[in-house]
Structures are given as structure tokens and as C-alpha cells.
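So the sequence shown is residues 118 to 554, counted in the numbering used here. Even for Gly, the Cβ is constructed at its ideal location relative to N, Cα and C.
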Amino acid sequence: MRNWVRNENVQMTAIALATAIGAQFKINPFREDYFRIGLGVSIFLFLLMIMPHLSYVKTGILTGIANLIFQSVDLLNHVSTMPILESMRDNVGAGMYYVVFAYGLSKIKHRFHEFQPLVLGGMITIIDFSSNLTELLLRGIFNGTNIFYMKEWLYLLIVGALRSYFVIGLYNSFAVRQMRLLHAEQEKRMEQMMSVNSGLYGEAFYLKKAMNTIEGITADSYELYRDLRENEMNEYSQRTLGIAQQIHEVKKDSQRILAGLLKVYDSEKAVHLQLSEMLHFAAKGNRKYAEMLNKQITIEKQQQFDCESPYCIPLLTVMNNLVANAVESIETQGTIQIHVYEQEMDVVFEVTDSGKGIPESKRQIIFEPGYTTKYNEVGIAATGIGLSHVRDIVQSLEGTITVDVPEGAKGSKFVVCIPKVSLVKEAGADDAFYSDR
């Protein structure tokens, strides 16, 4: 069914029938009943403009034939004694109108978007007027009527202009709507891509960090094996060697997984985004998170610095963690403020919330792995890697992160300072991931 609808011959036939039917709704501007202005022309123009892939000339010929048949039958219904051939002869001009109109329109169909609406309307008005003159000329030849009435020509010009600009306005409204829908779809896909890449970045980041830890454990195990062997504790030394070999195998498997993750991540890593775009995705995603938790939370953004950065995925991971923690710290309703500004050679990201806050005695350990203040209904602690994750990513960008209490308010304020040069420099192969500096 879908392939049938997409068939160009079917589409051209549909335009011809729609135009012929629309032409039956008409007015007669002149004294004679030969020349009529109907809705068909507006339908024909609009459909051609939104379907530039069709052959305009073929569509015009089909529309002219359909219009000739419909108007001839209509005329026969009104004048029952008129022969069929005479009826068709009287309407040849009306059919030829669409052929000439489609031919003229075909000369500019690939340039619709290049012209300003006023200019495009003027060109279509000229095409419409020329088509009307062709129709009048044929009617004069076949019916012997006088077509040289300046008043009527002026009327045709005015009607053509009004009709052309009306359809162009309708077409532009349609185009704007299509662009908005396309923009919304692209933003949705971009949001999904950023969310996936942010999660993927975090997994790869910690996998690489875990591999560094595994490598250290492997080295320590081998050193222990050597010490045990020197002390002639052969049984224990062999068991230690076996453990070191197993750990080494784990590291190799982790390397394979990391290589696969990096392949996927690298395919998108070259995308540069503005900090404002990154903040938009962070705020939008966490507004949905707050709604999911049935919390009434207002997320406000105040941005005084913006730049393009190849590190928007790491930054999005940082901001997502901080804002999500802020959402979770607010019980039912509250406010989260995101403030970005320039301070000497640094870019500062502040996330302030009106939640329950962090006790002063805990502020020095909240970035340590394993620390958490979150427990579920049965008292089981969360993983506690969020803020340690944030700290490590910030340090990989040569920045710092601190936590404090907002002035004159309850809650928490996380402050991330990252050198501007670290945000704008091109990303290397390993720059986006943890490395000892």
C-alpha cells in the first residue's frame, strides 16, 4: 500500500483529480460564461510546490485533460443540447491553462528556496497571468470572443497575484511546520545520542581506570610470587603465580571490551558542541528525571560564558551526575541553579540546590569511592561511585571540584573549575579518559 502511494504516476493522477474537482468551486468574473476562476489553480500550485520530485509538465498535461473532461461534462449538464465535441472545444483553453502553468513553474521549481517570498510570488503571478492569456487566446480562436479588454486583463493580474501570494503563504507555513518537526526530531535524536554517549563514556572511563588497578594488582602478585619463591615457599608461590595469571587474563578481556567501547565512542567523539548545548541537554534530561520521581523541581540556568569544546561528552557526564544528585537531594519540591562563568583563566560550573545539604564533617570524604548517603527502602546502600566518578573526570581535564553551602540558604553548592585551555584544545586519542597527570 505504501509503495502504491509513493508511485509518481499515482501522485500525478491524484493531483490532476484534486485540481479538477477543486476547479468546480468557481466564480465567473466576466459577462460571458466561458472564463471561470476556481479553487483548482490554488490546489494545483500548492501540491506542485510540496512535490518538486514530480514531472511538472506531465502533471500539467494530466491535469489539463482531467480539467477538460470535468468542465465539459459540467457544461453538458447545464446545456443538454450542446454536442460533446463543441463542449470540449469550449474548454480546451481551460485545459491548456494547466499545461502552460506547469511548464512555467517547472523552470523555477528547483529554486523555490532561493527566492524571497515577494520575488517568488511575483514570478508565479507572471506565470499565472501568461497561462490565463493563453486560455483567453484559445477561447477567442475557438469561440470568436474578444479578449482585448484591459479591465479584464488587470483583473486577471490582480487575481493571479492574490492567489499566488496566498498559496506561497500557505506553502511557507507548511514548510516552517515541517522544519519545526524536523528540528524536534533531530533534537530528540541528539538528546538520545548524547545520553547514550555520556553513559558509554562513563563505562569506558571506569573500565580504563579498573584496568590500571588490575595492572597494579598483577604486578604486586608477581612480586609476591618472587618473594615467596626466594623464601622457598613453593606451594604458596605457585598459587600466587596462578592468581597473577588469572588477573592478567581478566585484564586482557577488559582490554578487548574497552577496545569495542572506544570504537563506538570514537565514531561520535569528533562532534564539537557549545557549552550552552551541553547544559541544555543536562537540564532537559534531569527535568524529566525529576518528573519521574514525582518532584516539583525548577532547574534554572545562568550562563555568562560559552565556547565550543570537543569535551562536551565528559562535561555532560559531570553535569548529569551533579544535577541528578541535586534532584535526589530535594525531597518534594525545590530549585536547582546552574551557573557558568569565566574566572581569570578558568571556566567555573556551579550547581546549587535547595536540598537537605551535606554535613561539614562529610564534605571531605564524599568524593571517595564507596561513600554514599543514599539507601533504598530496605537499607541497602547505593554504589557510591557517582561523585568519585565526577572528581576523576574533572581531574582528567586538569580541573578541581569542591562542595560548599550556598550563602544564606540550605542545600549544597558544587563548584567545578576547569582551565579554559583544557576545554578548547583538540582531543587526543586518550585525552578524554583517565590518565595520571
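Contact set for residue i: own chain, Cβ-Cβ below 6 Å, skip 5 residues either direction
i, result
"Y220", "V174"
"L390", "C429"
"V457", "Q420, F422 and F466"
"C534", "D463, V465, G516 and T517"
"Q295", "none"
"E459", "F422"
"F484", "L504, S505 and R508"
"L156", "G139 and F142"
"S248", "Y214, V217 and F218"
"D521", "K530"
"K527", "G474"
Contact check, residue i vs residue j, beta carbons under 8 Å
i, j, result
"I331", "I360", "no"
"I455", "K418", "yes"
"I132", "F161", "yes"
"L185", "V209", "yes"
"V440", "N411", "no"
"F246", "L274", "yes"
"S159", "R256", "no"
"M168", "Y288", "no"
"Y339", "L345", "no"
"L164", "A135", "yes"
"T335", "K368", "yes"
"P427", "T469", "no"
"S446", "S529", "yes"
"L222", "I244", "yes"
Close-in-space but distant-in-sequence residues of the same chain around residue i (CB under 7 Å, 5 per side omitted)
i, result
"T519", "V532"
"A407", "I414 and V444"
"N329", "none"
"E125", "L171"
"P234", "I285 and N289"
"V236", "none"
Nearest-angstrom beta carbon gap, residue j and residue i [assumed within contact, 8 Å]
i, j, result
"V216", "G181", "5 Å"
"I510", "V435", "5 Å"
"T415", "T452", "5 Å"
"L432", "M395", "5 Å"
"A278", "T242", "4 Å"
"S371", "L298", "In fact, because the Cβ distance is near 44 Å, the residues do not count as touching under 8 Å."
"M213", "L179", "In fact, because the Cβ distance is near 13 Å, the residues do not count as touching under 8 Å."
"F229", "G177", "So it is not a contact: roughly 17 Å between Cβ atoms."
Endpoints, alpha helix (DSSP H) assigned at residue i
i, result
"E459", "Segment Q450 to Q460 is the beta strand (DSSP E) holding E459; no alpha helix (DSSP H) there."
"S223", "V209 to S223"
"E125", "E125 to G139"
"D509", "G503 to S513"
"E445", "C429 to S446"
"V160", "For the record, residue 160 in the displayed sequence is Ile; it is not Val. Taken as a continuous stretch (DSSP letters only), the alpha helix (DSSP H) holding I160 covers G157 to I167."
Element boundaries [beta strand (DSSP E), containing residue i]
i, result
"C534", "S529 to P536"
"E408", "First-last for E408: L392 to M409, but that is the alpha helix (DSSP H), not the beta strand (DSSP E)."
"V520", "T517 to D521"
"F466", "D463 to D470"
"Q420", "Q413 to Q420"
Cβ shell of residue i (< 8 Å), same chain only, five flanking positions each side left out
i, result
"N437", "S315, A399, G402 and N403"
"M240", "I225 and F232"
"F283", "S159"
Check: residue i C-beta below 7 Å from any heavy atom of the ligand NAP
i, result
"S159", "This structure simply doesn't include the ligand NAP, nor any ligand for that matter."
Touching by the beta-carbon criterion (3+ pairs, under 8 Å), the segment 505-522 and the segment 413-426
no
Taking contact to mean at least 3 C-beta pairs separated by less than 8 Å, is the segment 535-543 in contact with the segment 467-482?
no
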